[in-house]
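*Asks:* Mind looking over this structure? Questions follow.
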Amino acid sequence: VVDMQRLVRGHLGRLYARAVRAEKTAVCSVVQKTWRAHLARKEWRQQEREKELQLIRMRCAMNCQRFYRGWVGRERFREVKRVRDASLYKVYAALRVQRWIRMQQAKAAVQRLREERIAMVHAAATYVRKNFLRHHYRKLYTELMSDFNSKELYAIVIQKRLRGHLCRQRMVGDRERCQELLWGAVEIQRLWRGYVARRMFELRYEQMWSREMAAARIQRVARGYVARMRVLRTRRRIARLEYDRAHMRYVAAQRIQSWARGVQVRHIL
């Protein structure tokens, strides 16, 4: 039996060792696979990073070359433009000076001719205008005087009607203004009376509420006092009863003890 147990236990131990070895082998394989994949990914990322850095360096070099060539081209263009502008500036300056001198000479000649012509025109126009205005205002004056003399009565009537209309308009305006002032005073009185009434109502309501709250507080205090006195009297009565019962028991115990001692003494004697 011992040999069989030994064989069975050895067989079971070997099976357990194989299972443990297989489990550890699988775990080691997973760890190795994971670590190799991590190293491969790390190496691939490093290669990709180096490729990106190389591409960035190449782009930076191309941008530097492009910027430098653009700057050189612009500088050359500016130099050529500066030389050309200097020559053109001289030519334009000479042309401008010539043009300005000729323009000033032409303006002076035209101004002289214009002043002479304007003086002649002004003199003629002043003479014609003076005669025309004299004739025109003389005609207007005669017409106005004749019209005024013929329509003086109408003017008086129109003034009377106009003054009456203005007076009525002023009276209507005064009446409307007085009505507005009256309505404003009535509105102010209404608002003030409403405000006073609300204040009086609030004061009376607060007084009534204060009285009710004070009465409720007094009632609560009185009821509490009455309830406490009632409880105190009940407790005193209960304590008195308990004391009386205890005293009765004590007296009974004394009597029993005295009776028992008397019996004992009588037996002894």
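The numbers in the working numbering rise by one with no breaks, and the one at position 34 of the sequence shown is 236. In this text, a Cβ means the ideal position worked out from N, Cα and C, and glycines have one as well.
In the DSSP assignment, find the unbroken alpha helix (DSSP H) run with Lys482 in it and report its ends.
*Replies:* This structure gives no information on residue 482, because the portion of the chain shown stretches from 203 to 471.
*Asks:* Examine chain D for any beta-carbon lying closer than 8 Å to the beta-carbon of Phe269, and answer yes or no.
*Replies:* Here there is only one protein chain, and chain D is not present.
*Asks:* Can you tell me the Cα-Cα spacing of Arg424 and Phe403, whole angstroms?
*Replies:* In the sequence shown, the residue the question calls residue 424 occupies position 222. In the sequence shown, the residue the question calls residue 403 occupies position 201. Reading off the sequence, residue 424 comes out as Ala, not Arg. Those two C-alpha atoms are separated by around 31 Å.
*Asks:* How big is the Cα-Cα spacing for Tyr343 and Ala327?
*Replies:* Walking along the sequence shown from the start, residue 343 turns up at place 141. Walking along the sequence shown from the start, residue 327 turns up at place 125. Going from the Cα of Tyr343 to the Cα of Ala327 covers about 23 Å.
*Asks:* If you drop the 5 nearest sequence neighbours on each side, which residues of the same chain put their C-beta closer than 8 Å to that of Glu281?
*Replies:* On the sequence shown, residue 281 is found 79 positions in, with the first residue counted as 1. Excluding residues within five positions, none has a Cβ falling inside 8 Å.
*Asks:* Rounded to a whole number of angstroms, what is the C-alpha to C-alpha distance between Arg447 and Gln456?
*Replies:* As a first step, residue 447 must be located in the sequence shown, where it is residue number 245. As a first step, residue 456 must be located in the sequence shown, where it is residue number 254. Taking the straight line from one Cα to the other gives about 14 Å.
*Asks:* Just the Cα atoms here: how many angstroms apart are Met410 and Tyr397?
*Replies:* Within the sequence shown, numbered from 1, the residue matching residue 410 stands at position 208. Within the sequence shown, numbered from 1, the residue matching residue 397 stands at position 195. Going by the C-alpha atoms only, they are around 20 Å apart.
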